[in-house]
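Take a look at the structure set out below.
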Amino acid sequence: MGVFVDVVTIFPSYFEVLDLSLLGKARRDGALELTVHDLRDFTNDRHRTVDETPYGGGPGMLMQPGPWGAALDHVRASRGADDPLLVVPSPAGERFTQRLAEAWAAENWLVFACGRYEGIDTRVAEDAAARFRVREVSLGDYVLNGGEVAALAVIEAVGRLLPGVVGNEDSLTDESHVDGLLEAPAYTKPAGWRGRAVPEVLLSGHHGAIARWRRDASLRRTAGVRPDLIEHLEPGQLDARDLEVLRESGWTVADGRFRPTPGPVAD
Ligand code: ADE
107 MGVFVDVVTI FPSYFEVLDL SLLGKARRDG ALELTVHDLR DFTNDRHRTV DETPYGGGPG
167 MLMQPGPWGA ALDHVRASRG ADDPLLVVPS PAGERFTQRL AEAWAAENWL VFACGRYEGI
227 DTRVAEDAAA RFRVREVSLG DYVLNGGEVA ALAVIEAVGR LLPGVVGNED SLTDESHVDG
287 LLEAPAYTKP AGWRGRAVPE VLLSGHHGAI ARWRRDASLR RTAGVRPDLI EHLEPGQLDA
347 RDLEVLRESG WTVADGRFRP TPGPVAD
C-alpha cells in the first residue's frame with residue numbers, strides 16, 4: 107500500500123501538475139494516493155471568507171482558525187489510517203532537507219496545510235497537535251506567496267523516494283545532498299560540442315578512476331558554492347584523497363571539524 111497525501115489549500119488547481127510525469131505515474135500505480143481539499147468548502151459565510159486582519163495590527167491578512175479547524179478535523183476523520191504527519195510550509199519553519207524527505211518517504215500519511223497571505227492563526231497548529239504530529243518547514247530563506255509551491259516541492263522530493271517511483275534506484279544515491287555533497291558535473295553525447303570536450307577520464311571505461319574523478323569534482327564544487335555543507339562533513343568519514351582535495355580547496359581539519367584554512371590558500 108502506498109502513502110496517503112492530503113492537501114488543504116484555497117488553490118486546488120495548483121496540484122494538477124501532480125498528474126504529470128513520475129508522480130502522476132506513482133498515483134496511477136497506487137504508490138501515492140493524493141486528495142486535495144478546498145479550504146473554502148469549510149467556510150460558513152456567503153463569501154467563503156478565509157482571511158482577516160491581524161490582532162495587534164500590522165500589514166496584510168491572516169487566515170482565520172475556523173475554516174482550518176473544520177478542514178483538518180474533516181481530513182483527520184476521512185481515513186482509518188493512524189498517526190498522520192501535518193506539514194505546514196512556512197518561511198518561519200525549520201529547513202526542509204533531503205534527510206526529512208527520506209524520513210517522510212517512510213510515513214504512511216502526510217497532510218499539507220497551505221497558508222496564504224501572512225500565514226495561518228497560530229492556534230491552528232497548536233490545536234492540530236492533539237491529532238497530528240506537526241512540522242513547520244521552510245524551503246529556504248526567501249518568501250513565497252503561499253505554501254502551495256512549497257508543498258509541491260516537498261511532495262515531489264518525498265514522492266520520488268517511494269519504492270518503484272524512480273525506475274533506476276541507483277539514480278537516488280548518486281545525486282546531490284544524498285552524501286552531504288553536491289554532485290559532480292555531468293556530460294552526455296556528443297563527446298565534443300561547440301569546441302568543448304568531455305573530460306577524458308569519463309570516456310576511459312575505468313570505473314575506479316571515474317568514481318575518483320567524480321568524487322574530486324563533487325568536493326571541489328561543494329567547497330566552491332556551499333561552504334556550509336563542507337562545515338557539516340565528518341572528517342573521519344573521508345579518505346586521504348578527499349582530505350587532500352579539500353586542503354587544495356582551502357579547508358583544514360581543526361578540532362575534528364573542517365574550517366577555512368587561515369591566511370592565503372596554499373597551492
Ligand atoms: N511559504 C512562504 N514562503 C515559504 C518558504 N520559503 N518555504 C515554505 N513555505 C513558504
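Counting along the sequence shown from 1, when you hit position 249 you're at 355 in my numbering, and nothing is skipped either side. Every residue gets a Cβ at the ideal spot worked out from N, C-alpha and C, and that includes glycine.
Strand pairing of residue i, partner residues [DSSP]
{"i": "residue 194", "result": "242"}
{"i": "residue 218", "result": "113 and 193"}
{"i": "residue 138", "result": "109"}
{"i": "residue 366", "result": "357"}
{"i": "residue 302", "result": "299"}
{"i": "residue 169", "result": "157 and 226"}
{"i": "residue 252", "result": "222"}
Residue i - DSSP class collapsed to helix/strand/coil
{"i": "residue 230", "result": "helix"}
{"i": "residue 112", "result": "strand"}
{"i": "residue 356", "result": "coil"}
{"i": "residue 179", "result": "helix"}
{"i": "residue 284", "result": "coil"}
{"i": "residue 224", "result": "coil"}
{"i": "residue 347", "result": "helix"}
{"i": "residue 326", "result": "helix"}
{"i": "residue 314", "result": "helix"}
{"i": "residue 199", "result": "strand"}
{"i": "residue 334", "result": "helix"}
{"i": "residue 144", "result": "strand"}
{"i": "residue 206", "result": "helix"}
{"i": "residue 266", "result": "coil"}
{"i": "residue 124", "result": "helix"}
{"i": "residue 342", "result": "helix"}
{"i": "residue 275", "result": "helix"}
{"i": "residue 164", "result": "coil"}
{"i": "residue 184", "result": "coil"}
{"i": "residue 291", "result": "coil"}
{"i": "residue 152", "result": "coil"}
{"i": "residue 211", "result": "coil"}
{"i": "residue 133", "result": "helix"}
Residue i Cβ short of 7 angstroms to the ligand ADE heavy atom set
{"i": "residue 245", "result": "yes"}
{"i": "residue 192", "result": "no"}
{"i": "residue 250", "result": "yes"}
{"i": "residue 196", "result": "yes"}
{"i": "residue 256", "result": "yes"}
{"i": "residue 369", "result": "no"}
{"i": "residue 253", "result": "yes"}
Beta-carbon separation (whole angstroms), residue i vs residue j, contact threshold 8 angstroms
{"i": "residue 111", "j": "residue 138", "result": "6 angstroms"}
{"i": "residue 133", "j": "residue 126", "result": "Not a contact, Cβ separation roughly 10 angstroms."}
{"i": "residue 324", "j": "residue 287", "result": "5 angstroms"}
{"i": "residue 307", "j": "residue 317", "result": "Contact flag wrong, Cβ pair sits at about 10 angstroms."}
{"i": "residue 249", "j": "residue 197", "result": "5 angstroms"}
{"i": "residue 217", "j": "residue 181", "result": "6 angstroms"}
{"i": "residue 266", "j": "residue 272", "result": "5 angstroms"}
{"i": "residue 195", "j": "residue 257", "result": "6 angstroms"}
{"i": "residue 254", "j": "residue 117", "result": "6 angstroms"}
{"i": "residue 327", "j": "residue 290", "result": "7 angstroms"}
{"i": "residue 430", "j": "residue 225", "result": "Nothing about residue 430 can be read from this structure; the chain reaches only from 107 to 373."}
Residue i CB to nearest heavy atom of the ligand PLP below 7 angstroms
{"i": "residue 244", "result": "Summarising the ligand content, the structure contains the ligand ADE and does not contain the ligand PLP."}
query: When the Cβ atoms of the segment 276-283 are set against those of the segment 230-245, are three or more pairs found closer than 8 angstroms?
result: no
message: Measuring CB atoms only, is the segment 157-175 touching the segment 196-210, in the sense that at least three cross pairs come out at less than 8 angstroms?
response: no
Contact between the segment 176-192 and the segment 244-251 (3+ Cβ pairs under 8 angstroms): no
- prompt: Can we say the segment 338-352 touches the segment 290-300, given the rule of at least three CB pairs closer than 8 angstroms?
  reply: no
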